[in-house]
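Just below is one structure, and these are the notes that go with it.
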Amino acid sequence: MILNSFVYALSPERPDPVPIIDSRNLYFPAIGSSLMLVSLFSLVFNKNKKMIIFFVSAFVTLNIFWLRWEINSLVSVAQVRKTILVQIKEENQKLPDRVIFYVESDKSYYGMPETEHIMPFQTNFGLNLFTWYAPTESFPSGFVDENYRFFLSALTEEGYREIGLRGFGYFRSFEFLKQAVQDNHLSSDFVIAYRYNSGTGLLENISGEIRQKL
4 MILNSFVYAL
14 SPERPDPVPI
24 IDSRNLYFPA
34 IGSSLMLVSL
44 FSLVFNKNKK
54 MIIFFVSAFV
64 TLNIFWLRWE
74 INSLVSVAQV
84 RKTILVQIKE
94 ENQKLPDRVI
104 FYVESDKSYY
114 GMPETEHIMP
124 FQTNFGLNLF
134 TWYAPTESFP
144 SGFVDENYRF
154 FLSALTEEGY
164 REIGLRGFGY
174 FRSFEFLKQA
184 VQDNHLSSDF
194 VIAYRYNSGT
204 GLLENISGEI
214 RQKL
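Count along the sequence shown from 1, add 3, and you get the number used in the numbering used here.
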(Lines of atoms letter the chains of each structure in order from A and count residues from 1; the text may use other names and numbers.)
(Lines give C-alpha, C1' and ligand atoms only; values in the text may rest on other atoms or scores of the structure.)
Protein backbone atom coordinates (compact mmCIF):
# COMPACT_ATOMS: atom_id res chain seq x y z
CA MET A 1 0.00 0.00 0.00
CA ILE A 2 2.88 2.37 0.78
CA LEU A 3 4.50 1.68 -2.60
CA ASN A 4 1.16 2.20 -4.34
CA SER A 5 0.77 5.52 -2.55
CA PHE A 6 3.90 6.87 -4.24
CA VAL A 7 2.69 5.60 -7.60
CA TYR A 8 -0.68 7.34 -7.26
CA ALA A 9 0.81 10.55 -5.89
CA LEU A 10 3.18 10.81 -8.85
CA SER A 11 0.72 9.53 -11.45
CA PRO A 12 0.19 11.30 -14.80
CA GLU A 13 -2.51 13.93 -15.36
CA ARG A 14 -1.44 15.80 -12.23
CA PRO A 15 0.13 19.28 -12.49
CA ASP A 16 2.68 18.28 -9.86
CA PRO A 17 3.10 15.63 -7.14
CA VAL A 18 0.02 15.67 -4.91
CA PRO A 19 0.13 13.30 -1.92
CA ILE A 20 -3.63 12.76 -1.91
CA ILE A 21 -4.96 9.39 -3.05
CA ASP A 22 -8.48 8.83 -4.34
CA SER A 23 -10.33 6.34 -2.15
CA ARG A 24 -11.06 4.09 -5.14
CA ASN A 25 -7.32 3.49 -5.48
CA LEU A 26 -7.20 1.98 -2.00
CA TYR A 27 -9.83 -0.75 -2.48
CA PHE A 28 -7.43 -3.50 -3.54
CA PRO A 29 -4.70 -2.57 -1.01
CA ALA A 30 -7.43 -2.63 1.68
CA ILE A 31 -8.26 -6.25 0.82
CA GLY A 32 -4.63 -7.28 1.19
CA SER A 33 -4.28 -5.31 4.42
CA SER A 34 -7.36 -7.03 5.87
CA LEU A 35 -6.01 -10.48 5.04
CA MET A 36 -2.66 -9.56 6.55
CA LEU A 37 -4.29 -8.37 9.78
CA VAL A 38 -6.42 -11.51 10.05
CA SER A 39 -3.36 -13.69 9.56
CA LEU A 40 -1.41 -11.70 12.13
CA PHE A 41 -4.19 -11.95 14.72
CA SER A 42 -4.48 -15.70 14.09
CA LEU A 43 -0.77 -16.20 14.72
CA VAL A 44 -0.58 -14.03 17.82
CA PHE A 45 -3.89 -14.90 19.47
CA ASN A 46 -4.50 -18.40 18.12
CA LYS A 47 -5.10 -19.78 21.59
CA ASN A 48 -6.98 -16.82 23.00
CA LYS A 49 -10.32 -16.29 21.25
CA LYS A 50 -11.42 -13.64 23.73
CA MET A 51 -8.41 -11.52 22.83
CA ILE A 52 -9.23 -11.89 19.13
CA ILE A 53 -12.84 -10.79 19.73
CA PHE A 54 -11.62 -7.81 21.75
CA PHE A 55 -9.19 -6.57 19.10
CA VAL A 56 -11.62 -7.14 16.24
CA SER A 57 -14.37 -5.28 18.11
CA ALA A 58 -12.01 -2.40 18.88
CA PHE A 59 -10.89 -2.29 15.25
CA VAL A 60 -14.47 -2.24 13.93
CA THR A 61 -15.52 0.43 16.43
CA LEU A 62 -12.55 2.61 15.52
CA ASN A 63 -13.41 2.30 11.84
CA ILE A 64 -17.05 3.24 12.46
CA PHE A 65 -16.05 6.42 14.30
CA TRP A 66 -13.46 7.26 11.62
CA LEU A 67 -16.01 6.70 8.86
CA ARG A 68 -18.56 8.97 10.56
CA TRP A 69 -15.91 11.68 10.96
CA GLU A 70 -14.86 11.34 7.33
CA ILE A 71 -18.46 11.56 6.06
CA ASN A 72 -19.16 14.63 8.21
CA SER A 73 -15.98 16.24 6.90
CA LEU A 74 -16.95 15.56 3.28
CA VAL A 75 -20.46 16.91 3.85
CA SER A 76 -19.00 20.09 5.34
CA VAL A 77 -16.67 20.61 2.35
CA ALA A 78 -19.51 19.88 -0.08
CA GLN A 79 -21.66 22.51 1.61
CA VAL A 80 -18.91 25.12 1.23
CA ARG A 81 -18.58 24.31 -2.46
CA LYS A 82 -22.33 24.41 -3.05
CA THR A 83 -22.61 27.78 -1.29
CA ILE A 84 -19.91 29.24 -3.55
CA LEU A 85 -21.51 27.98 -6.76
CA VAL A 86 -25.02 29.00 -5.73
CA GLN A 87 -23.90 32.54 -4.89
CA ILE A 88 -22.15 32.99 -8.23
CA LYS A 89 -25.17 31.65 -10.13
CA GLU A 90 -27.61 33.84 -8.21
CA GLU A 91 -25.55 36.96 -8.89
CA ASN A 92 -24.92 36.07 -12.55
CA GLN A 93 -27.95 34.14 -13.74
CA LYS A 94 -27.32 34.82 -17.42
CA LEU A 95 -23.77 34.87 -18.77
CA PRO A 96 -22.60 37.10 -21.62
CA ASP A 97 -21.81 35.23 -24.84
CA ARG A 98 -18.12 35.71 -24.04
CA VAL A 99 -17.34 35.41 -20.35
CA ILE A 100 -14.21 35.16 -18.25
CA PHE A 101 -14.33 34.21 -14.58
CA TYR A 102 -11.52 35.58 -12.45
CA VAL A 103 -11.37 34.21 -8.91
CA GLU A 104 -8.81 35.05 -6.23
CA SER A 105 -8.14 32.82 -3.23
CA ASP A 106 -5.89 33.28 -0.22
CA LYS A 107 -5.03 29.64 0.40
CA SER A 108 -3.67 26.51 -1.27
CA TYR A 109 -5.57 23.24 -0.98
CA TYR A 110 -5.11 19.51 -1.59
CA GLY A 111 -1.34 19.35 -1.50
CA MET A 112 -0.74 22.36 -3.73
CA PRO A 113 2.37 24.50 -3.04
CA GLU A 114 1.78 27.47 -0.76
CA THR A 115 2.10 29.81 -3.73
CA GLU A 116 -0.69 28.05 -5.65
CA HIS A 117 -3.80 29.66 -4.24
CA ILE A 118 -6.87 27.83 -5.51
CA MET A 119 -10.52 27.43 -4.58
CA PRO A 120 -11.53 24.60 -2.19
CA PHE A 121 -12.35 22.26 -5.08
CA GLN A 122 -10.47 19.10 -6.07
CA THR A 123 -11.07 19.76 -9.77
CA ASN A 124 -10.39 22.85 -11.84
CA PHE A 125 -12.74 25.60 -10.66
CA GLY A 126 -13.28 26.70 -14.25
CA LEU A 127 -14.56 23.21 -15.03
CA ASN A 128 -16.90 23.40 -12.04
CA LEU A 129 -18.28 26.74 -13.22
CA PHE A 130 -18.73 25.47 -16.78
CA THR A 131 -20.57 22.37 -15.53
CA TRP A 132 -22.69 24.45 -13.15
CA TYR A 133 -23.86 26.75 -15.94
CA ALA A 134 -24.12 24.12 -18.70
CA PRO A 135 -27.82 23.26 -18.10
CA THR A 136 -28.89 26.90 -18.65
CA GLU A 137 -26.30 28.07 -21.19
CA SER A 138 -26.02 27.03 -24.83
CA PHE A 139 -22.34 26.11 -24.77
CA PRO A 140 -21.12 24.53 -28.03
CA SER A 141 -19.50 21.10 -27.85
CA GLY A 142 -16.04 22.41 -28.78
CA PHE A 143 -15.16 23.22 -25.18
CA VAL A 144 -14.92 19.46 -24.57
CA ASP A 145 -12.79 17.23 -26.82
CA GLU A 146 -13.62 13.82 -28.27
CA ASN A 147 -12.33 12.17 -25.08
CA TYR A 148 -14.79 14.25 -23.01
CA ARG A 149 -12.00 16.34 -21.52
CA PHE A 150 -12.71 19.99 -20.79
CA PHE A 151 -10.07 22.37 -22.14
CA LEU A 152 -9.22 23.36 -18.56
CA SER A 153 -8.51 19.94 -17.09
CA ALA A 154 -5.55 20.32 -14.71
CA LEU A 155 -6.32 21.61 -11.24
CA THR A 156 -4.26 24.80 -11.62
CA GLU A 157 -4.87 25.40 -15.33
CA GLU A 158 -6.06 28.79 -16.60
CA GLY A 159 -7.17 29.90 -20.03
CA TYR A 160 -9.77 31.26 -22.43
CA ARG A 161 -11.31 29.66 -25.52
CA GLU A 162 -13.81 30.77 -28.14
CA ILE A 163 -16.03 28.41 -30.10
CA GLY A 164 -18.15 30.23 -32.64
CA LEU A 165 -19.94 33.08 -30.90
CA ARG A 166 -19.37 31.72 -27.40
CA GLY A 167 -16.31 32.23 -25.24
CA PHE A 168 -15.44 30.86 -21.81
CA GLY A 169 -12.43 31.42 -19.60
CA TYR A 170 -11.18 31.07 -16.06
CA PHE A 171 -8.16 32.73 -14.43
CA ARG A 172 -6.51 33.04 -11.02
CA SER A 173 -3.66 35.28 -12.17
CA PHE A 174 -4.53 38.89 -12.94
CA GLU A 175 -1.65 39.20 -15.40
CA PHE A 176 -2.84 36.18 -17.37
CA LEU A 177 -6.37 37.56 -17.29
CA LYS A 178 -5.22 40.93 -18.59
CA GLN A 179 -3.26 39.29 -21.40
CA ALA A 180 -6.24 37.16 -22.44
CA VAL A 181 -8.55 40.18 -22.53
CA GLN A 182 -6.08 42.07 -24.72
CA ASP A 183 -5.28 39.15 -27.04
CA ASN A 184 -8.94 38.35 -27.67
CA HIS A 185 -10.07 42.00 -27.86
CA LEU A 186 -12.63 41.48 -25.11
CA SER A 187 -14.53 44.10 -23.17
CA SER A 188 -13.80 44.25 -19.45
CA ASP A 189 -17.58 43.98 -18.97
CA PHE A 190 -17.25 40.31 -19.89
CA VAL A 191 -15.19 39.65 -16.75
CA ILE A 192 -16.90 38.27 -13.64
CA ALA A 193 -14.57 38.42 -10.64
CA TYR A 194 -14.65 37.15 -7.07
CA ARG A 195 -12.35 37.00 -4.05
CA TYR A 196 -12.58 34.06 -1.64
CA ASN A 197 -11.64 34.38 2.03
CA SER A 198 -10.77 30.95 3.42
CA GLY A 199 -10.92 32.20 7.01
CA THR A 200 -14.50 33.45 6.89
CA GLY A 201 -15.68 31.31 3.99
CA LEU A 202 -17.10 34.43 2.33
CA LEU A 203 -17.05 35.07 -1.40
CA GLU A 204 -16.82 38.75 -2.39
CA ASN A 205 -17.90 40.04 -5.79
CA ILE A 206 -15.03 42.23 -7.05
CA SER A 207 -16.12 42.51 -10.67
CA GLY A 208 -16.21 46.32 -10.57
CA GLU A 209 -12.73 46.55 -9.05
CA ILE A 210 -11.15 44.19 -11.58
CA ARG A 211 -12.89 45.80 -14.55
CA GLN A 212 -11.47 49.18 -13.53
CA LYS A 213 -7.96 47.71 -13.26
CA LEU A 214 -8.29 46.24 -16.74
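Note that CB positions come from ideal geometry on N, CA and C, so glycine has one too.
Taking the C-alpha atoms as reference points, what is the distance between TYR112 and THR118?
-> For the purposes of this step, residue 112 is taken as the residue at position 109 of the sequence shown. For the purposes of this step, residue 118 is taken as the residue at position 115 of the sequence shown. Cα to Cα, the separation comes out at about 10 Å.
Is it buried or exposed for ASN150, if we count other Cβ within 10 angstroms and need 16 for buried?
-> Within the sequence shown, the letter at position 147 stands for residue 150. With fewer than 16 Cβ atoms within 10 Å of its Cβ, ASN150 is classed as exposed.
Distance between beta carbons of ARG164 and PHE124, contact taken as under 8 Å = As a working note, residue 124 is residue 121 in the sequence shown. As a working note, residue 164 is residue 161 in the sequence shown. Contact flag wrong, Cβ pair sits at about 20 Å.
Pick helix, strand or coil for ILE103, following the three-state DSSP scheme.
-> Sequence index remark: in the sequence shown, residue 103 carries index 100 (1-based). In the structure shown, ILE103 sits in a strand (DSSP, three-state: E or B).
Out of ILE87, PHE62, PHE153, PHE193, point me to the one whose CA is closest to THR203's CA.
-> To locate residue 203, count along the sequence shown from 1; it is residue 200. Ranking ILE87, PHE62, PHE153, PHE193 by Cα distance to THR203 puts ILE87 first.
Contact set for LEU98: own chain, Cβ-Cβ below 7 Å, skip 5 residues either direction | On the sequence shown, position 95 is the one that residue 98 refers to. So the list reads TYR136, GLU140, once near-sequence residues are dropped.
Between the Cα of VAL59 and the Cα atoms of LEU43, ALA196, ARG71, ASP186, which residue gives the shortest distance?
-> What you label residue 59 is simply residue 56 of the sequence shown in a count that begins at 1. Per the Cα distances, LEU43.
Contiguous beta strand (DSSP E) assignments of at least 3 residues, all confined to the region 125–168 = 162–166
Please check the pair VAL194 and SER176, which I expect to be a contact at CB under 8 Å, by giving their CB distance rounded to whole angstroms.
-> On the sequence shown, position 191 is the one that residue 194 refers to. On the sequence shown, position 173 is the one that residue 176 refers to. About 13 Å; that fails the 8 Å criterion.
Enumerate in chain order the residues of its own chain whose CB-to-CB distance from ASN131 is below 6 Å, with the five nearest sequence positions on each side excluded.
-> Position 128 of the sequence shown, counting from 1, holds the residue named residue 131. Excluding sequence neighbours, ASN131 sits near PHE124.
In this structure, does DSSP put GLU207 in helix, strand or coil?
-> Taking the first residue of the sequence shown as position 1, residue 207 is located at position 204. Here GLU207 sits in strand by DSSP.
Quickly, what does DSSP pair TYR112 with across the bridge? List them, please.
-> In the sequence shown, counting from the first residue as 1, residue 112 sits at position 109. In the DSSP output, where bridge partners are listed per residue, TYR112 has none listed.
For LYS110, collect the residues of the same chain with a Cβ closer than 7 Å to its Cβ; drop the 5 residues on either side in sequence, then sort them by chain order.
-> As a first step, residue 110 must be located in the sequence shown, where it is residue number 107. HIS120, SER201.
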